[in-house]
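Protein chains in written order, with my numbering: chain R, 1454 to 1714; chain A, 3 to 325. Just so you know, even glycine gets a beta-carbon here, dropped at the ideal spot from N, CA and C. In this text, all values refer to a predicted model and were calculated from it rather than measured experimentally. Worksheet for the structure shown next.
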Ligand SMILES: Cc1cc2nc3c(=O)[nH]c(=O)nc-3n(C[C@H](O)[C@H](O)[C@H](O)COP(=O)(O)OP(=O)(O)OC[C@H]3O[C@@H](n4cnc5c(N)ncnc54)[C@H](O)[C@@H]3O)c2cc1C
Ligand SMILES: Nc1ncnc2c1ncn2[C@@H]1O[C@H](COP(=O)(O)O)[C@@H](O)[C@H]1O
């Protein structure tokens, strides 16, 4: 079984502070990390190899040249190979453009059984790319996977548990398929020394659109966006004083006056 | 005349409230572009929803009743929606888990632009403009859409469309697109949530506890207030990591995003990652012993003091006044 892990590089939101806001953090040169949800992507891909008879894990990332660092992290964690998709024509790609390029790269990689993605990327927060990759490839999509029940590469079948708003759903599917995983699936491992050494020496190819047989028009964005800070709300906090009983009474008065309770 | 489609999400034949919120968004888009709203009702034995959708604001409905559509399965649903919405100006739905994946798949089928998990939608100069938070709530993107557009709306940001019993419209039946034999995935079983549990993301009121729930009396006072208010129980990551409450209750960047009418933060400092999940709540009350806690900058009402004394007083007061 060949496993492909879709990972994105994102701004490091843990660095947000009262002096570094979201817009500043998105600017070039600010710290970047593997999208936190894709740590689970990678962990799942590695477990599919180690525990479920997988052969090879390939980490795939569409991004700018700096995104190669995210792929080195993937190799340090245990991925066998990594590929970067980078092209000036993808600089402002929307989710469908991204999915088209990823799907073309997956076809170029060729033999694949399971493609793993994350719940969402913390920057764009679309939760769409992996689903669109599945749709474009015409393979089944298993999203919000919280546990792997059984994976059978020979019989090309899989059974998973999905964590849904309405409960836990057990679903079976044929392979190949795309899945996205949630936090419950497994605790991501840390890279070890050997992995870090391997990653520092790894040769990571960069594929351009032409390598994927795509033109700029094929991946042109359907939407444009402008990013700003979120509107601030003037919540002039009103402090409610007094003993606990007085505070309680005053607050309930206000909540009832506002018809909230 | 352009057609605006809206997916009527349902469970066991009952519409989800998020579908009527999506209807409100669909009407905004249809009225702005000068078009009709077509409700898409998919399921098995869901005819009644067509008239409900029309009374809530659709001009007409398309109904697909089929055994293959009984449980939500992405491939089956996306194929029907994409076929029906061929040539549509826009397709709208709510950002439930199902809506999030369906909107993405439909956009890929139609080659359409996608704006997921939006908090606002408008038509400006003949174009759809959607607002959506990014970077876990730390930036806001204004997305301008051209050509066919697929939009999902975050839960509870728009009011549900009202019923107008006088509205009428036609409902057309269509078939499923994929036969069972062509569907790779099978739902083998669903272990439903206990009905007594209030869903965090649906809740009108959320009461959350932080690291300060450590030790005794723990979460009990927080839960007592949530129960008295008929609200859901939330938590900061500090409380979850310490093992005081399961991860399903975590609010914030790596947990759930909630948008209740009332959010009560008990012993929560107001870290950016926690704020990301709750700062757009309509009314925020903070209870904290530290008057300098950052949460007070986002709260409408602040109560400084020991939550283990304030919470029981509050619960007693709520019970007294609501009885
Ligand atoms: C990548 C990343 C992702 C994260 N994701 C999330 C997330 O999704 N959700 C989340 O919540 N956090 C998240 N965090 C963690 C977040 O940064 C904070 O650590 C967390 O929110 C702190 O929780 P807290 O407010 O309960 O604890 P603290 O910050 O320790 O605050 C406890 C507060 O309780 C008050 N207090 C103590 N005792 C009492 C008492 N008896 N009565 C009243 N007040 C009292 C104190 O004054 C203090 O203000 C994330 C962090 C990172 C780095
Ligand atoms: N540029 C990218 N390169 C590789 N994988 C991506 C990229 N963008 C998104 N993905 C995958 O799709 C998931 C959902 O991302 P998104 O749709 O952007 O929220 C991520 O967790 C990744 O697994």
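Query: Assign residue 7 of chain A to buried or exposed, taking buried as 16 or more other Cβ atoms, counted over all protein chains shown, within 10 Å of its Cβ.; Result: buried
Query: Go to residue 7 of chain A, then tell me how far its alpha helix (DSSP H) extends in each direction, as first and last residue.; Result: Element bounds for residue 7 of chain A: not the alpha helix (DSSP H) but the beta strand (DSSP E), 4-9.
Query: Could you give the uninterrupted runs of the alpha helix (DSSP H) lying entirely in the region 234-313 of chain A, keeping only those of 4 residues or more?; Result: 239-243, 274-277
Query: Listing by chain order, which chain R residues have their CB less than 7 angstroms from the CB of residue 298 of chain A?; Result: 1690
Query: What residues come near ligand 1, if near means a beta carbon less than 5 angstroms from any of its heavy atoms?; Result: R:1467, A:212, A:213, A:214, A:238, A:239, A:240, A:254, A:255, A:256, A:257, A:269, A:270, A:271, A:273, A:275, A:276, A:290, A:291, A:292, A:295, A:308, A:309
Query: Assuming residue 1485 of chain R is part of the alpha helix (DSSP H), what are its boundary residues?; Result: That residue, residue 1485 of chain R, is in no alpha helix (DSSP H); its beta strand (DSSP E) goes 1485-1487.
Query: Against chain R, with Cβ distances strictly below 9 angstroms, would residue 225 of chain A count as a contact?; Result: no
Query: Ligand 2 and residue 1582 of chain R: does the residue's C-beta get closer than 8 angstroms to at least one heavy atom of that ligand?; Result: yes
Query: Contact between the region 137-146 of chain A and the region 274-293 of chain A: three or more CB pairs below 8 angstroms?; Result: yes
Query: Examine chain A for any beta-carbon lying closer than 9 angstroms to the beta-carbon of residue 1460 of chain R, and answer yes or no.; Result: no
Query: Looking at the structure shown, is residue 1464 of chain R part of a helix, part of a strand, or coil, going by DSSP?; Result: strand
Query: Tell me residue 1627 of chain R's beta-bridge partners as DSSP assigns them.; Result: R:1610
Query: Cβ of residue 1569 of chain R less than 9 angstroms from any chain A Cβ?; Result: no
Query: Measuring CA to CA, which of A:14, A:41, A:16, A:15 is closest to residue 27 of chain A?; Result: A:41
Query: Which residues of the region 1473-1502 of chain R have a Cβ closer than 8 angstroms to any Cβ of chain A? Give them in chain order.; Result: 1474, 1475, 1476, 1478, 1479, 1489
Query: 9 angstroms is my cut-off, CB to CB: does residue 161 of chain A come that close to chain R?; Result: no
Query: Where do the N-terminal and C-terminal ends of the beta strand (DSSP E) with residue 119 of chain A fall, by residue?; Result: 115-120
Query: Just curious, the alpha helix (DSSP H) that residue 75 of chain A is in, first and last residue?; Result: Residue 75 of chain A -> no alpha helix (DSSP H), and no H or E assigned at all.
Query: From this set, R:1476, R:1514, R:1494, R:1480, which residue's C-alpha is nearest residue 1462 of chain R's C-alpha?; Result: R:1514
Query: Roughly how far, in whole angstroms, is the beta-carbon of residue 233 of chain A from the beta-carbon of residue 251 of chain A, given that I think they are within contact range, below 8 angstroms?; Result: With 8 angstroms as the limit, residue 233 of chain A and residue 251 of chain A do not qualify as a contact, their Cβ atoms being about 12 angstroms apart.
Query: So, is the C-beta of residue 142 of chain A closer than 9 angstroms to a C-beta in chain R?; Result: yes
Query: Under the criterion of a Cβ to heavy atom distance below 8 angstroms, does residue 1579 of chain R qualify as lining ligand 2?; Result: yes
Query: Between the region 184-204 of chain A and chain R, which residues of the former have CB atoms less than 8 angstroms from a CB of the latter, in chain order?; Result: 186, 187, 188, 189, 190, 191, 192, 193, 194, 195, 201, 203
Query: Roughly how many whole angstroms lie between the Cα atoms of residue 62 of chain A and residue 43 of chain A?; Result: 11 angstroms
Query: Mind listing which residues of the region 1626-1639 of chain R have their C-beta closer than 8 angstroms to chain A's C-betas, in chain order?; Result: 1626, 1627, 1630, 1636, 1637
Query: Please list the residues of the region 1593-1626 of chain R that have a C-beta atom closer than 8 angstroms to any C-beta atom in chain A, keeping them in chain order.; Result: 1593, 1594, 1595, 1596, 1597, 1612, 1617, 1618, 1619, 1620, 1621, 1622, 1623, 1624, 1625, 1626
Query: Taking 8 angstroms as the threshold, find out whether the region 163-171 of chain A comes into contact with the region 211-231 of chain A through three or more Cβ pairs.; Result: no
Query: As a quick exercise: from A:127, A:123, A:124, A:118, pick the residue whose alpha carbon is nearest that of residue 1574 of chain R.; Result: A:118
Query: For residue 238 of chain A, which residues in the same chain have their Cβ closer than 6 angstroms to its Cβ, ignoring the five residues on either side in sequence?; Result: 212, 270, 276
Query: Thinking C-beta only, is residue 107 of chain A closer than 9 angstroms to residue 66 of chain A?; Result: no
Query: Can you give me, in chain order, the residues of the region 1650-1684 of chain R that have a beta carbon less than 8 angstroms from any beta carbon in chain A?; Result: 1674, 1675, 1676, 1677, 1678, 1679, 1680, 1681, 1682, 1683, 1684
Query: In chain order, what residues of the same chain have a beta carbon less than 6 angstroms from the beta carbon of residue 1533 of chain R, not counting five sequence neighbours either side?; Result: 1509, 1510
Query: Please check the pair residue 1590 of chain R and residue 1626 of chain R, which I expect to be a contact at CB under 8 angstroms, by giving their CB distance rounded to whole angstroms.; Result: The pair is not a contact, with the Cβ atoms about 14 angstroms apart (cut-off 8 angstroms).
Query: Please name the residue in R:1476, R:1550, R:1507, R:1640 whose C-alpha comes closest to that of residue 243 of chain A.; Result: R:1640
Query: The alpha helix (DSSP H) spanning residue 57 of chain A covers which residue range?; Result: 50-57
Query: Taking 9 angstroms as the CB-CB limit, is residue 1580 of chain R close to chain A?; Result: yes
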